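**Student:** With the first letter of the sequence shown counted as 1, position 105 gets the number 706 in the numbering used here; the numbers rise by one all the way through.
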Amino acid sequence: MENSDQVKLHNLKPAPGSRRDRKRVGRGESAGGGKTCGRGQKGQKARGKTRRGFEGGQMPLARRVPKFGGFTPRKRNVYAVVNVSELARFEGEVADPAALAAAGLIKKEKDRVKILGDGELSVSITVRAHAFTNSAREKIEAAGGKAEVV
Numbered sequence: 602m603e604n605s606d607q608v609k610l611h612n613l614k615p616a617p618g619s620r621r622d623r624k625r626v627g628r629g630e631s632a633g634g635g636k637t638c639g640r641g642q643k644g645q646k647a648r649g650k651t652r653r654g655f656e657g658g659q660m661p662l663a664r665r666v667p668k669f670g671g672f673t674p675r676k677r678n679v680y681a682v683v684n685v686s687e688l689a690r691f692e693g694e695v696a697d698p699a700a701l702a703a704a705g706l707i708k709k710e711k712d713r714v715k716i717l718g719d720g721e722l723s724v725s726i727t728v729r730a731h732a733f734t735n736s737a738r739e740k741i742e743a744a745g746g747k748a749e750v751v
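#1: Between Ile726 and Gly705, is the Cβ-Cβ spacing less than 7 Å?
#2: Can Val714 and Ala681 be called in contact, C-beta distance under 7 Å?
#3: Using DSSP bridges, identify the partner residues of Leu717.
#4: Starting from the Cα of Ser723, find the closest Cα among Ile707, Lys708, Lys740 and Arg675 and give me that residue.
#5: Please report the residue range of the beta strand (DSSP E) in which Glu749 lies.
#6: Would you decide whether Pro615 is buried or exposed? Buried here means 16 or more other CB atoms lie within 10 Å of its CB.
#7: Measuring alpha carbon to alpha carbon, tell me which residue in Val683, Ala732, Asp712 and Ala632 is nearest Gly720.
#8: Would you kindly check if the distance between the Cβ of Gly627 and the Cβ of Cys638 is under 7 Å?
#9: Taking the C-alpha atoms as reference points, what is the distance between Met602 and Pro617?
#10: In this structure, how does DSSP classify Arg665 when only helix, strand and coil are distinguished?
#11: Just to confirm the assignment, what range does the alpha helix (DSSP H) spanning Arg738 have?
#12: Across which residues does DSSP place Thr727 in a beta bridge pair?
#13: Under the rule that 16 or more other beta-carbon atoms within 10 Å means buried, what is Ala663, buried or exposed?
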């Protein structure tokens, strides 16, 4: 085995083409960055008097955009929602958050679950959740099941 194949500190090099020489401006026309040095003709920006983000006196973007967008209430209840139509294809007699998570209807078992009344339900099932809409409760009970609040 050759020594040149081994990776050691003394023979590490950046990938070809990943590093570029810095542009040395103001070193004559033949050097490629002479005369105006890539700044164009005249004006405030050519004379080096503008800060980053300056828009020529127009109200800058950082000040046009609002600082905070509304607020999030600290006691807001966020629910994982499940429709009644999804319960129809649920296998088992009891649908609680653990069973819903196992079936893939909600992401996490510890999520607060709310049952919504979209769709129809034909199977009798006991549903345990943190909240129900009125229409969901009616549809579950009409199919012969129970709606229990956890």
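Don't be surprised by glycine CBs; every beta carbon is placed ideally from N, CA and C. Please read these numbers as outputs of a predicted model, since none were measured by experiment.
**Tutor:** Let me lay it out:
#1: no
#2: yes
#3: Asn684
#4: Lys740
#5: Lys747 to Val750
#6: exposed
#7: Val683
#8: yes
#9: Annotation note: pLDDT 48 at Met602 (below 50); position unreliable, no value reported.
#10: helix
#11: Asn735 to Ala743
#12: Val695 and Lys747
#13: exposed
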